Amino acid sequence: MDKKASHGIELPLRDCIKLYTDGKDYLNQALKNVKSSNYRNASVHLSAALDAPTTCETGFKETIHKKSPVAKVNKALFQKILIPLAFSNMM
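In terms of full-length UniProt numbering, the sequence shown opens at residue 1 and continues consecutively.
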């Protein structure tokens, strides 16, 4: 990848790292909520974490008009958060 191309993806990748970091914090908080049977707050934190992969993908599409190099990871992460969120919402 040339320098110009790699420079174009640097900003959205940095944004994704920030989003993933925040998402990890939300997931950790959701886990604490589940352990204390606070399913309402768990749902709130899982919903917040669910924004990370979606917002990461959107950032690439808006910035460089391409799919992100982590699109598969984003899709998998979205599904892995969506499933416990569905269970949490049933509680």
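C-beta: ideal position from N, C-alpha, C; glycine also. All values reported here derive from a predicted model rather than from experimental measurement.
Legend entry - Test: A48 CB closer than 7 Å to a CB of chain C: Going by chain labels, chain C is absent from the structure shown, which holds only one protein chain.
Inset, instruction - Could you round the C-beta distance between L85 and L46 to whole angstroms and report it? I think they count as a contact, below 8 Å. - result: Between L46 and L85 the Cβ distance is about 4 Å, and since that is below 8 Å, they are a contact.
Inset, instruction - Count the other C-beta atoms from every protein chain shown that fall within 10 angstroms of the C-beta of P69, then say buried if there are 16 or more, exposed otherwise. - result: P69 comes out exposed.
Inset, instruction - Indicate whether Y26 and S88 have their beta-carbon atoms separated by less than 7 Å. - result: Result no, Cβ atoms of Y26 and S88 do not sit closer than 7 Å.
Inset, instruction - Would you check if the distance between the CB atom of C56 and the CB atom of N28 is smaller than 7 Å? - result: 7 Å or more divides the Cβ of C56 from the Cβ of N28.
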